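Student: This is the structure I have questions about; it appears just below.
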């Protein structure tokens, strides 16, 4: 599966969800159903493309955006944030990779009660769930994906950003800082 095929599936799943910003799990559920009609090798290729996108987005500036938006972001939290970002579709994804500060146009600074962050962990498991539904063997999915997926680098790409330095964050992400950084 190539990048266009991957994003075509994501966009199709997004079409069935009213508010993808608040409901990335709805996108994940719809995508799991769609992938559940594919052959096992196609599902594994989806997983390879997902892994490639995760590596592509493993960047300091995007992690800083996740840190601001979610009031913190561990490594697992950053992974889940990137799952949420995929659920927003290719246009938002491409804009965020070009300029993470563009996410100020997507997120809402007013966090509702019980807000737990922009988290799309379910998107990270779509392929394995669909594969298991088709074959009954989730372990085979991970073996197939790991054989072709790129390795995550030891450190994010780009210039390291000190997430606890408000001035540095404002230099890189002025619009998001205006929304989320307390003076």
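In the numbering used here, the protein residues as written are 914 to 1096.
Quick reminder that beta carbons are idealized off the backbone N, C-alpha and C, glycines included.
Bear in mind that the values here come from a model prediction, so they are computed numbers and not experimental data.
Can you check whether the CB of residue 967 is closer than 9 Å to the CB of residue 1016?
Tutor: no
Student: Helix, strand or coil: which one does DSSP assign to residue 1070?
Tutor: Three-state DSSP puts residue 1070 in a strand.
Student: Could you please give me the residues that DSSP links to residue 972 through a beta bridge?
Tutor: 1070
Student: Buried or exposed: residue 1050, going by 16 or more other Cβ atoms within 10 Å of its Cβ?
Tutor: exposed
Student: Is it true that the CB of residue 1035 sits closer than 9 Å to the CB of residue 994?
Tutor: no
Student: What residue does the alpha helix (DSSP H) around residue 1081 start on, and which one ends it?
Tutor: 1079-1085
Student: Should residue 1013 and residue 1075 be called a contact, given that it needs their Cβ atoms to be closer than 9 Å?
Tutor: no
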